[in-house]
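Participant: In my numbering, the protein residues as written are 194 to 553.
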Ligand code: DP6
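Right, here's the structure in full:
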């Protein structure tokens, strides 16, 4: 597969005014994507759990137009959001050659997140993948013969050009992005459903997201990825991520939860270590992030639980645990961890199957 596979063919007819709608989930990386090159290409392979409850629903209204250039408006929760326009414009410019109809229509993008906008949860993965799926739904109207596989691949390919991690939000339960010799079919161009065996221990894996800091991101992901250029440990980090992915394969197959914990927590801390050792340097964890981590470690030691944590590029903590331990760990979270959340806020989520078309 190359980019050529996704180039658009000229369209022979015009669509009447209409609308399409998709709901797409967020995802949480187990092996992290941090560092990119070229046009949104990852420096290492990453793998994520697709989530279920944290999602974005987007409706794309389209209408043929004659005026030159791109024409779109974005509404979040019914409110016009001019602040999102530069990001969407950049996205449209990047994908123009892959969707030739883009300049032929006026668009109204209406988007709703299931999680509060100010929660500190990145909406770019769910938001960009939902928009990419809506655009593919239009593409399918021009080319009804495209296969389901091609539809998913190209949606992921387009989503990647909007936000790297968004390419892992199309399908589930586990998605790999980035070429890896041990994962057949993996590619830098789009995310693929993890093609190898997954033990039942990982079915319906729980993710309770503890909202430690609900403010604006201190470091945008664009700035963060950039810090990996000229980073003294960059090459070692990319190699480590690829090795961690390889180590996860037998763990996912055998259901080895101790092995899983070791890799997932190490990945989270390595990601943050990269930020602490870049120039300029950042500490994105808050004191409460560390309190939560220590409580999790103590609880695990005391009870033998298989609960663990992971982090994104921020202070919030994703608490991961098997469905079998759902009740006990949830009780522990409520009793011991919620006190460290800002305004006691947290979100209960679990592994999901991927995006859904919405019929309206
Ligand atoms: C820390 O996908 O937000 O969440 O490609 O610049 O949009 P852009 O970056 P983004 O980076 C996410 C990084 C991460 C780790 C991960 O999800 O793998």
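The beta-carbon is built from N, C-alpha and C at its ideal position, and this holds for glycine as well. Just so you know, these numbers come straight off a predicted model, no measurement behind them.
Does the distance from the C-beta atom of residue 242 to that of residue 398 stay below 9 Å?
Facilitator: yes
Participant: For ligand 1, any of its heavy atoms closer than 8 Å to the Cβ of residue 407?
Facilitator: no
Participant: Measuring CB to CB, does residue 281 end up less than 9 Å from residue 328?
Facilitator: no
Participant: May I ask you to report which of helix, strand or coil DSSP gives residue 205?
Facilitator: coil
Participant: Counting C-beta neighbours from all protein chains within 10 Å, is the total for residue 514 16 or more, i.e. buried, or is it exposed?
Facilitator: Burial call: buried.
Participant: Leaving out the 5 sequence neighbours to the left and right, which residues in its chain are closer than 7 Å to residue 454 when beta-carbon positions are compared?
Facilitator: Once the five neighbours on either side are set aside, the close Cβ partners of residue 454 are 499, 501.
Participant: DSSP beta-bridge partners for residue 214?
Facilitator: Its beta-bridge partners are 252.
Participant: Do you know how far the Cα of residue 218 is from the Cα of residue 159?
Facilitator: Outside the shown range of the chain, which is 194 to 553, sits residue 159, and nothing can be said about it.
Participant: Run through DSSP, which three-state label would residue 383 get?
Facilitator: For residue 383, the three-state secondary structure derived from DSSP is coil.
Participant: Confirm the yes/no value for this check: CB of residue 357, any heavy atom of ligand 1, distance under 8 Å.
Facilitator: yes
Participant: Verify whether the separation of the beta carbon atoms of residue 407 and residue 535 is less than 9 Å.
Facilitator: yes
Participant: DSSP three-state call for residue 237: helix, strand or coil?
Facilitator: coil
Participant: By a C-beta neighbour count over all protein chains shown, 10 Å radius and 16 as the cutoff for buried, is residue 414 buried or exposed?
Facilitator: buried
Participant: Pull up the CB-CB distance for residue 503 and residue 457, whole angstroms please, since I reckon it's below 8 Å.
Facilitator: 5 Å
Participant: Closer than 8 Å: is that where the CB of residue 464 sits relative to any heavy atom of ligand 1?
Facilitator: yes
Participant: Since residue 506 contacts residue 464 with CB under 8 Å, what's their CB separation in whole angstroms?
Facilitator: 7 Å
Participant: Does the beta-carbon of residue 225, which I'm using as the reference point, lie nearer than 8 Å to any heavy atom of ligand 1?
Facilitator: yes
Participant: Can we count residue 418 as close to ligand 1, meaning its CB is less than 8 Å from some heavy atom?
Facilitator: yes
Participant: Are the segment 436-447 and the segment 245-256 in contact at 8 Å, needing three or more beta carbon pairs?
Facilitator: By the C-beta criterion, the segment 436-447 is judged not to be in contact with the segment 245-256, since fewer than 3 inter-stretch pairs fall below 8 Å.
Participant: Within 10 angstroms of the Cβ of residue 362, are there 16 or more other Cβ atoms? Answer buried if so, exposed if not.
Facilitator: buried
Participant: Can you name, in chain order, every residue of its own chain whose Cβ lies under 7 Å from the Cβ of residue 380, other than the five neighbours on each side?
Facilitator: 194, 372.
Participant: What do you reckon, are the CB atoms on residue 353 and residue 382 nearer than 9 Å?
Facilitator: yes
Participant: Rounded to whole angstroms, what is the Cα-Cα separation between residue 306 and residue 265?
Facilitator: The C-alpha of residue 265 is placed about 19 Å away from the C-alpha of residue 306.
Participant: When you compare only the Cα positions, how much space is there between residue 471 and residue 479?
Facilitator: 18 Å
Participant: Return the residue from the list 551, 416, 495, 401 that minimises the CA-CA distance to residue 512.
Facilitator: 401
Participant: Is the beta carbon of residue 223 closer than 9 Å to that of residue 420?
Facilitator: Against a cut-off of 9 Å, the Cβ pair of residue 223 and residue 420 comes out as no contact.
Participant: Helix, strand or coil for residue 547 per DSSP?
Facilitator: Residue state for residue 547 is assigned as strand, using DSSP reduced to three classes.
Participant: Quick check on residue 229: does DSSP put it in helix, strand or coil?
Facilitator: Three-state result, residue 229: strand.
Participant: Would you mind reading off the limits of the beta strand (DSSP E) that contains residue 299?
Facilitator: 298-306
Participant: Whole angstroms is fine: what's the gap from residue 290's alpha carbon to residue 276's?
Facilitator: 25 Å
Participant: Can you tell me which of 365, 297, 206, 245 puts its alpha carbon nearest to the alpha carbon of residue 391?
Facilitator: 365
Participant: Could you name the residues that DSSP lists as bridge partners for residue 283?
Facilitator: Per DSSP, none; premise fails for residue 283.
Participant: Please confirm whether any heavy atom of ligand 1 lies closer than 8 Å to the CB of residue 239.
Facilitator: Yes; taking the cut-off as 8 Å, the Cβ of residue 239 has a heavy atom of ligand 1 nearer than that.
Participant: Would you kindly work out how many angstroms separate the C-alpha atoms of residue 225 and residue 212, rounded to a whole number?
Facilitator: 35 Å
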